[in-house]
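2 protein chains.
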Amino acid sequence: MADNRPIGVFDSGIGGLTVLREIINRIPGESTVYFGDNGRTPYGTKSHDTIVKYSLQDMKFLESKDVKMIVIACSTASAHSFKTLAKYSKVPVVEMVYPSSKSAIDATRNGKIGIIATGATVSGGTYVTAINELADGKNIEVCQQACPMFVPLAEEGWWDNEIAHLTAEKYLESLKDFGVDTVVLGCTHFPLLANTIGDIMGPDVKLINSGVSASNVINKLLDEKNMRNESGEVTREFYTSDDVTKFEAIAAPFLGEGLPKGTKKVSVDGFSVEDML
Amino acid sequence: MADNRPIGVFDSGIGGLTVLREIINRIPGESTVYFGDNGRTPYGTKSHDTIVKYSLQDMKFLESKDVKMIVIACSTASAHSFKTLAKYSKVPVVEMVYPSSKSAIDATRNGKIGIIATGATVSGGTYVTAINELADGKNIEVCQQACPMFVPLAEEGWWDNEIAHLTAEKYLESLKDFGVDTVVLGCTHFPLLANTIGDIMGPDVKLINSGVSASNVINKLLDEKNMRNESGEVTREFYTSDDVTKFEAIAAPFLGEGLPKGTKKVSVDGFSVEDML
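Going down the list, the sequences are from chains U and W.
Residues in the first sequence are numbered consecutively from 906, following this note's numbering.
Residues in the second sequence are numbered consecutively from 906, following this note's numbering.
Here it is in structure tokens:
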């Protein structure tokens, strides 16, 4: 049994490329279709209903590309939309919150886990629910902190300048006071700021990258469901709901290599300017 | 002759409330309908085509509320969409770029004007075009600087802390080197950071608030076209494309008073979650 169709990966924009990077590095034999909803980015400042609506549209778009699996490579979309997408998707759905929560539970020695994420993710409380469900009797305490400025800092390329350090000091103070020994980078933008976050938290604090945790889950799923690509051919497709040139320009540091090239633009709400006029 | 219909005001989200505040303060006898496209905010990181498409939808929504005038209370939308909206709107359209450019030309003594704005506004070059068109023989030099981090700083409420100051120092260095004596706050979020921007630029540099400049244009237009509200009744309506409670919570500091209350949620792309399922 094999399934040579690509894995579909979506995000509100470019953050999910840090997840795609881990998938490509760890599961290089699988084809991928990436969709970034740059036309409506970010999701982390928006409300539950809006995030669910957008995620459903993103899923439908990836389904139209005949993917064998959907990866919600956006922690905000994962926190708000996973249940709905899992209910309506025709293919398996992998998200960010449970895999990274499990990694954090495995990693912590003192039982104190910090979650840093967007405002929408924190207010949804999904990480707390996930950690409680997965703790399996282990005594875990969670400290959550919304870090909304980390997203624009990552996009501006200010990953380790003085402003990034001061912002991280301000946001991470509560986690340090709480005494966490493990921090989930609960937004797919945050791996870009890992050095700064690590500097502030200190060398004894373990940082969990959701893309790594999710890649392990995807790998297991491919085996369990006998869905590996056995064609020997691997393709990489990129779609964005905003400008293609702009996407390719800002994508590079997130993906960590020369890709993407030949990105295509799509409209996810079925609207074109011509319809208006 | 009178026209008792409201003035329609739209923005990508909450920044335009700094414009609405000036309209309410300076033209208190006019009713207003405000639409914030919080479901797709911000526009300042997006491409020309996307900004035009969204602005047309915003205009159509306001037209459905039977407004007598449309105010594009978002500098990014003004810079990219004014010509298209002016072409297709059934009512007069007031935007931000030309009024604030005119104010800057009138204010400058040394002929050196700084423009600070979103990335999309700066790359569109509309301020440079507007100032050249309006200079009327006056010798004007323009220095533009994109300040993308000012938008999330304004929304995070970090208006005058150390991080805001460091960010402003970094962005405004080129304007200081250029020797500008006048700076256009070319994004409707930026009036919230006016104290910090003023501290960095120094007391001799004049800051231009687009909402003030646009209110003067609106006032003139109401007289010229005999469209003042003479009913004696004034209404304030607020609509958002994202969550109402959230809008009302984040709107207060931008609007500078207790309003809005009783905001209504609308969908501007005609899509509902139910359609998907």
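Glycine included, each C-beta is placed from N, C-alpha and C at the ideal position.
- At a cut-off of 8 Å between beta-carbon atoms, Ser952 (chain U) makes contact with chain W.
- Contact between the stretch 1032-1051 of chain W and the stretch 1017-1024 of chain W is present, with at least three C-beta pairs closer than 8 Å.
- Within 7 Å of the CB of Lys970 (chain U), no CB atom of chain W is found; the nearest one sits about 17 Å away.
- Look at Glu1000 (chain U) here: in three-state DSSP terms it is coil, with no helix or strand label.
- At a beta-carbon threshold of 7 Å, none of the residues of chain U lie near Asp1128 (chain W); the nearest stands roughly 31 Å away.
- By the criterion of a C-beta distance shorter than 8 Å, Gly1084 (chain W) is surrounded in its chain by Asn1015, Lys1017, once the five residues flanking it on both sides are discounted.
- Taking a C-beta cut-off of 7 Å against chain W, the contacting residues of the stretch 1145-1161 of chain U are Asp1147, Asp1148, Lys1151, listed in chain order.
- Within chain W, the C-beta atoms nearer than 8 Å to that of Leu1071 (chain U) come from Glu1067, Ile1068, Leu1071, in chain order.
- When U:Val1056, U:Thr923, U:Val996, U:Ser1008 are compared, the shortest CA-CA separation from Ala1025 (chain U) is found for U:Val1056.
- In the structure shown, the three-state DSSP call for Glu1142 (chain U) is strand.
- Contact between Ser936 (chain U) and Pro911 (chain U) holds: their C-beta atoms lie close to 4 Å from each other, under 8 Å.
- Around the Cβ of Met974 (chain W), a 10 Å sphere holds 16 or more other Cβ atoms; the residue is buried.
- The stretch 933-948 of chain W and the stretch 992-1007 of chain W do not touch, with fewer than 3 CB-CB distances between them shorter than 8 Å.
- Taking C-beta atoms under 8 Å as the contact rule, Phe966 (chain U) and Phe940 (chain U) qualify, at a distance of about 6 Å.
- Classified as exposed, Asn1100 (chain U) has fewer than 16 neighbouring CB atoms from the shown chains inside 10 Å of its CB.
- In this chain, Tyr948 (chain W) is not harboured by any alpha helix (DSSP H), its DSSP state being neither H nor E.
- Taking a beta-carbon distance threshold of 8 Å, Pro1057 (chain W) counts as an interface residue toward chain U.
- Comparing C-alpha distances from Cys1052 (chain U) to each of U:Val938, U:Thr1031, U:Ser1079, U:Asp1147 shows the shortest one belongs to U:Ser1079.
- In the DSSP annotation of this structure, the continuous segment of the beta strand (DSSP E) that includes Val914 (chain U) starts and ends at 912-916.
- The three-state reading of DSSP puts Lys1017 (chain U) in strand, counting E and B together.
- In this chain, Val957 (chain U) is not harboured by any beta strand (DSSP E); it is covered by the alpha helix (DSSP H) spanning 953-969.
- Using a Cβ-Cβ distance cut-off of 8 Å, the stretch 995-1014 of chain U and the stretch 1032-1040 of chain U are in contact, since at least three pairs of beta carbons, one from each stretch, lie closer than that value.
- Contact between Gly913 (chain W) and Val938 (chain W) holds: their C-beta atoms lie close to 5 Å from each other, under 8 Å.
- Arg1133 (chain U) has a beta carbon lying at 8 Å or more from every beta carbon in chain W.
- Ile1123 (chain W) is positioned such that its CB atom lies no closer than 8 Å to that of Tyr1076 (chain W).
- By the Cβ-count criterion, Glu1000 (chain W) is buried, with 16 or more other Cβ atoms from all chains shown falling within 10 Å of its own Cβ.
- Residue pairing by DSSP places Glu1046 (chain W) opposite W:Lys1017 in a beta bridge.
- By the neighbour-count criterion, in which 16 or more other beta carbons inside 10 Å mark a residue as buried, Glu1129 (chain U) falls on the exposed side.
- Linking Glu1135 (chain W) to Gly934 (chain W) through their CA atoms gives a straight-line distance of about 8 Å.
- By the neighbour-count criterion, in which a residue is buried when 16 or more other Cβ atoms sit within 10 angstroms of its Cβ, Glu1060 (chain W) is buried.
- Listed by position along chain U, the residues whose Cβ is nearer than 8 Å to that of Arg945 (chain W) are Gly944, Arg945.
- Using a Cβ-Cβ cut-off of 8 Å, Glu1078 (chain W) does not count as an interface residue toward chain U, since no Cβ of chain U sits closer than that to its own.
- Chain U places no beta carbon closer than 8 Å to that of Glu1000 (chain W), leaving this residue out of the contacts.
- Excluding the 5 residues flanking it on each side, Val957 (chain W) has same chain C-beta neighbours closer than 7 Å at His985, Ser986, Thr989, in chain order.
- Going by beta carbons, Leu1098 (chain W) and Leu1071 (chain U) fall outside the 8 Å limit.
- Within chain U, the residues whose beta carbon sits less than 9 Å from that of Pro1053 (chain W) are Pro1057, Glu1060, Glu1061, listed in sequence order.
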